[in-house]
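K.L.:
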Amino acid sequence: MSLSPQMRVYLRLLHLPLMDLCHAVEDALEENPMLEEVPRSLELEDTETPAPSAPKDTDDEAGETLPDDWAAKDPLTFANAPADLSRRRPEDTRKIKDFQETLITQPESLFDYLEWQLHFLELSEKQKRIAAEIIGNIDPEGYLKATLEEIATASSTEASVVEEVLLKIQSLDPPGIGARNLREALLIQLERKGPEATLAREIVREHLDLLAKKDWKMLARIFSAGGREIKKAAELIARLDPKPGRSFYAEDAIAITPDATVSIKDGTEDGLEIEIHNDFIPKLRINAEYRHMMREKGLDDKTKEFFKTRLANGMDFLKAIDLRGSTLRTITDEIVRAQPLFFTRGFSHLRPLRLKDIAERVNLHESTISRAIHGKYLKTPQGTIPYKSFFSQKVETENGDGESQKSIMERIRSLVEKEDPRKPLSDLVIAKNLKEEGITLARRTVTKYRETLKILPTHLRKRR
Numbered sequence: 001m002s003l004s005p006q007m008r009v010y011l012r013l014l015h016l017p018l019m020d021l022c023h024a025v026e027d028a029l030e031e032n033p034m035l036e037e038v039p040r041s042l043e044l045e046d047t048e049t050p051a052p053s054a055p056k057d058t059d060d061e062a063g064e065t066l067p068d069d070w071a072a073k074d075p076l077t078f079a080n081a082p083a084d085l086s087r088r089r090p091e092d093t094r095k096i097k098d099f100q101e102t103l104i105t106q107p108e109s110l111f112d113y114l115e116w117q118l119h120f121l122e123l124s125e126k127q128k129r130i131a132a133e134i135i136g137n138i139d140p141e142g143y144l145k146a147t148l149e150e151i152a153t154a155s156s157t158e159a160s161v162v163e164e165v166l167l168k169i170q171s172l173d174p175p176g177i178g179a180r181n182l183r184e185a186l187l188i189q190l191e192r193k194g195p196e197a198t199l200a201r202e203i204v205r206e207h208l209d210l211l212a213k214k215d216w217k218m219l220a221r222i223f224s225a226g227g228r229e230i231k232k233a234a235e236l237i238a239r240l241d242p243k244p245g246r247s248f249y250a251e252d253a254i255a256i257t258p259d260a261t262v263s264i265k266d267g268t269e270d271g272l273e274i275e276i277h278n279d280f281i282p283k284l285r286i287n288a289e290y291r292h293m294m295r296e297k298g299l300d301d302k303t304k305e306f307f308k309t310r311l312a313n314g315m316d317f318l319k320a321i322d323l324r325g326s327t328l329r330t331i332t333d334e335i336v337r338a339q340p341l342f343f344t345r346g347f348s349h350l351r352p353l354r355l356k357d358i359a360e361r362v363n364l365h366e367s368t369i370s371r372a373i374h375g376k377y378l379k380t381p382q383g384t385i386p387y388k389s390f391f392s393q394k395v396e397t398e399n400g401d402g403e404s405q406k407s408i409m410e411r412i413r414s415l416v417e418k419e420d421p422r423k424p425l426s427d428l429v430i431a432k433n434l435k436e437e438g439i440t441l442a443r444r445t446v447t448k449y450r451e452t453l454k455i456l457p458t459h460l461r462k463r464r
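Sequential numbering from 1 applies to the sequence shown in my numbering.
1) Mind checking which residues open and close the beta strand (DSSP E) that includes Pro386?
2) Would you mind reading off the limits of the alpha helix (DSSP H) that contains Ala197?
3) Just the C-alpha distance for Glu273 and Leu18, rounded to the nearest angstrom, thanks.
4) Report yes if the CB atom of Gly325 is closer than 9 Å to the CB atom of Ile276, and no otherwise.
5) Closer than 8 Å is the cut-off here; do at least three beta carbon pairs connect the stretch 146-155 with the stretch 181-189?
6) In the DSSP output, which residue or residues are listed as bridge partners for Ser263?
7) Could you check whether the Cβ of Gln127 sits closer than 8 Å to any heavy atom belonging to the ligand COA?
8) Which complete alpha helix (DSSP H) runs does the stretch 266-333 hold, if anything under 4 residues is left out?
9) Taking the continuous beta strand (DSSP E) assigned at Leu377, which residues delimit it?
10) Count the CB pairs spanning the stretch 342-351 and the stretch 367-377 that are closer than 8 Å, and state whether there are at least three.
11) Would you kindly check if the distance between the Cβ of Gly136 and the Cβ of Ile177 is under 9 Å?
12) What would DSSP say about Leu476, mapped onto helix, strand or coil?
13) Measuring CB atoms only, is the stretch 202-212 touching the stretch 227-238, in the sense that at least three cross pairs come out at less than 8 Å?
14) Per DSSP, what kind of secondary structure is Glu115 in: helix, strand or coil?
15) Output needed for Val25: all residues of its chain with C-beta closer than 8 Å, excluding positions within five of it in sequence on either side, in chain order.
16) What separation, rounded to the nearest whole angstrom, lies between the Cα atoms of Arg361 and Ala154?
17) Which residue from Asn32, Pro33 and Thr384 puts its Cα closest to that of Ser263?
18) Comparing the C-beta of Ala24 with each C-beta of chain D, is any distance below 9 Å?
19) Evaluate Val9 with the Cβ neighbour count: other Cβ atoms within 10 Å of its Cβ, from every protein chain shown; 16 or more gives buried, anything less gives exposed.
20) Based on Cα-Cα distance, which residue from Ala220, Ile169 and Ile286 lies nearest to Pro39?
21) Output yes or no for whether 9 Å exceeds the beta carbon distance between Arg12 and Gly226.
22) With DSSP as the reference, identify every bridge partner of Ala233, one or two as the case may be.
23) Quick one: grab the DSSP three-state call for Ile188.
24) What residue from Pro386, Arg239, Ala442 and Phe390 has the CA that sits closest to Met358's CA?
25) Taking its Cβ as the centre, do 16 or more other Cβ atoms sit within 10 Å of Ser367, making it buried, or is it exposed?
26) Under 8 Å Cβ to Cβ from Arg413, same chain only, skipping five residues before and after it: list those, please.
27) Kindly give me the distance between the Cβ atoms of Arg443 and Leu428, rounded to whole angstroms, as I take these residues to be in contact under 8 Å.
28) Please classify Asp241: does DSSP put it in a helix, a strand, or coil?
29) Which residues mark the beginning and the end of the beta strand (DSSP E) in which Leu35 is found?
30) CB-CB under 8 Å to Asp68, same chain, minus the five flanking residues each way: which ones, in chain order?
31) For Asp259 and Lys432, I'd like the C-alpha separation in whole angstroms.
32) Taking buried to mean at least 16 other C-beta atoms within 10 Å of its own C-beta, is Glu36 buried or exposed?
33) Roughly how far, in whole angstroms, is the beta-carbon of Pro174 from the beta-carbon of Ile188, given that I think they are within contact range, below 8 Å?
34) Suppose contacts are defined by Cβ-Cβ distances below 9 Å. Is Phe307 in contact with Leu299 by that definition?
35) Which residues bound the alpha helix (DSSP H) around Tyr143?
The following block contains the structure:
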């Protein structure tokens with residue numbers, strides 16, 4: 001089933017963290033003359049319901065050339081650039097910086113921050129030791145300076161096992177951490193930006209050399225893309241951080257900007273308040289002047305179609321921004337309902353929660369929940385943490401409580417360690433033992449967990 005234009009815009013914006021959304025809004029302002037920013041001193045005047053969708057603009061850009069002034073710009077000269085706030089008004093820039101200064105909740109070093117995040121990963125004891133070895137070999141700029149083989153030797157394991165753990169480390173923040181070179185650091189960051197970064201990913205993966213040479217025409221030819229597409233991809237790459245760990249440099253630390261805040265109301269545990277941070281997103285409306293021009297007589301068909309298409313696209317964009325905010329609030333509401341003791345008492349009260357649980361409660365698809373929490377942070381009384389930290393796989397116990405995969409696998413490991421080597425436990429017997437503890441698992445699930453733990457099957461564990 002194909003998605004409607006409105007749904008495509010909504011899903012794209014839903015996927016973006018707050019600061020990326022601000023960039024998307026600014027891009028929309030530049031590309032669509034029907035949109036304009038509402039002055040801060042005015043209330044939003046245009047509250048009409050979005051018009052029915054019109055066909056997207058399908059002008060062919062294949063033969064378009066890049067502007068001369070763009071060719072003079074180097075998208076790789078961003079090694080020491082701060083966050084791009086240059087296009088925001090002075091008062092907005094001050095507001096963002098003031099807000100960020102209140103959110104420096106990261107541990108004092110990159111190592112501490114990575115070590116803290118390990119608590120949110122499902123790792124065996126062996127994987128934890130490997131993860132610590134990996135983190136210990138990440139330099140201040142965020143790059144892994146030891147080879148997989150060197151870490152494997154230090155950890156008494158195989159390089160393939162180290163690589164599995166490294167992939168988990170690379171899912172942590174800041175984006176790009178644990179990369180082994182510039183290309184990998186950029187690709188890790190682009191992977192988090194979803195399908196909108198497809199062209200940028202291909203450029204970095206296959207033709208980073210051409211990007212460094214600013215060979216725009218060759219890139220356009222290779223990817224059969226127009227100048228505008230290449231420009232947008234290069235600008236996206238230019239906004240990435242080639243030194244992922246530098247936000248922890250003492251001289252220019254950059255705080256995380258959360259999408260929402262949960263606070264304890266009136267300093268008590270009786271209630272929790274939720275605030276979705278929309279203040280940094282430029283408020284948009286439809287340009288009244290252009291809308292008036294649409295009604296003028298004597299317009300040729302091409303101009304009428306241009307206005308009609310841009311109006312429909314603009315209305316879709318406005319509706320998508322509103323829907324993104326309401327979706328994020330709905331999900332945050334449900335997280336708070338599911339985890340009240342975490343917010344008031346701390347991490348020891350964090351319960352296992354699945355995307356499926358929230359999806360069912362709010363009547364949304366699991367993939368929509370995944371998009372909504374992607375790359376986003378929540379400021380809480382316990383610190384500013386990733387939305388994804390609230391979610392893990394869980395197994396239902398007979399009394400209805402949840403057990404995380406990690407705790408279940410540790411129980412399986414414990415059972416195997418205590419078994420009689422002459423009569424090792426089969427997966428079926430392990431499942432029965434777990435059921436006696438109130439945990440119901442299918443035999444095939446026990447098998448999957450056992451294999452994940454790298455525990456041999458029964459006949460290979462038996463000793464005479």
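Even for Gly, the Cβ is constructed at its ideal location relative to N, Cα and C.
P.N.:
Judging by the given coordinates:
1) Annotation: the continuous beta strand (DSSP E) that includes Pro386 extends over Gly383 to Pro386.
2) Unbroken run through Ala197: none, as it is neither H nor E.
3) Approximately 20 Å, taken between the alpha carbons.
4) Yes. Within cutoff.
5) Contact annotation: the stretch 146-155 does not touch the stretch 181-189, with fewer than three C-beta pairs closer than 8 Å.
6) Under DSSP, Ser263 forms a beta bridge with Glu273.
7) This structure does not include the ligand COA; it has no bound ligands of any sort.
8) Contiguous alpha helix (DSSP H) elements confined to the stretch 266-333 occur at 288-294, taking only those with 4 or more residues.
9) The displayed chain sequence assigns Tyr, not Leu, to residue 377. Taken as a continuous stretch (DSSP letters only), the beta strand (DSSP E) holding Tyr377 covers Tyr377 to Thr380.
10) As far as the Cβ criterion goes, the stretch 342-351 does not touch the stretch 367-377, which means the pair count is below three.
11) No; because the gap between Cβ atoms is not below 9 Å, this pair is not in contact.
12) The shown model of the chain, from 1 to 464, leaves out residue 476, and the question about it has no answer.
13) With three or more CB-CB distances shorter than 8 Å, the stretch 202-212 counts as touching the stretch 227-238.
14) Here Glu115 carries a helix assignment [DSSP, helix/strand/coil].
15) Excluding sequence positions up to five before and after Val25, its CB lies within less than 8 Å of the CB of Ile281, Pro282, Leu284 and Ile321, all in the same chain and listed in chain order.
16) Roughly 46 Å between the two C-alpha positions.
17) The residue from Asn32, Pro33 and Thr384 with its alpha-carbon nearest to that of Ser263 is Thr384.
18) Absent here is chain D; the protein component of the structure consists of one chain.
19) Val9 counts as buried, since no fewer than 16 other beta carbons sit within 10 angstroms of its beta carbon.
20) With distances taken between Cα atoms, Pro39 lies closest to Ile286.
21) Contact flag unset, no.
22) Under the DSSP definition of a beta bridge, Ala233 lacks any partner.
23) In this structure, Ile188 counts as helix in the three-state DSSP scheme.
24) In the sequence on display, residue 358 carries Ile and not Met. Nearest C-alpha to Ile358: Phe390.
25) Classification of Ser367: exposed, given that the 10 Å Cβ count is below 16.
26) Scanning its chain for C-beta atoms nearer than 8 Å, with the 5 sequence neighbours on each side dropped, one finds around Arg413 the residues Ser124, Leu453 and Ile455, in chain order.
27) Arg443 to Leu428, Cβ: 5 Å. Contact.
28) In the three-state reduction of the DSSP assignment, Asp241 falls in the coil class.
29) For Leu35, the enclosing beta strand (DSSP E) covers residues Leu35 to Glu37.
30) Residue placement at Asp68 is poorly supported in this model, since its pLDDT is 41, which falls under 50; the coordinates still yield a value, given next. In its chain, beyond the 5 residues on either side, no residue has a beta carbon closer than 8 Å to the beta carbon of Asp68.
31) In a straight line, the C-alpha of Asp259 is about 45 Å away from that of Lys432.
32) Buried, since its Cβ has 16 or more Cβ neighbours within 10 Å.
33) Taking the Cβ atoms as the reference, Pro174 lies roughly 10 Å from Ile188, outside the contact range of under 8 Å.
34) The criterion of a C-beta distance shorter than 9 Å is satisfied by Phe307 and Leu299.
35) First-last for Tyr143: undefined, no H or E at that position.
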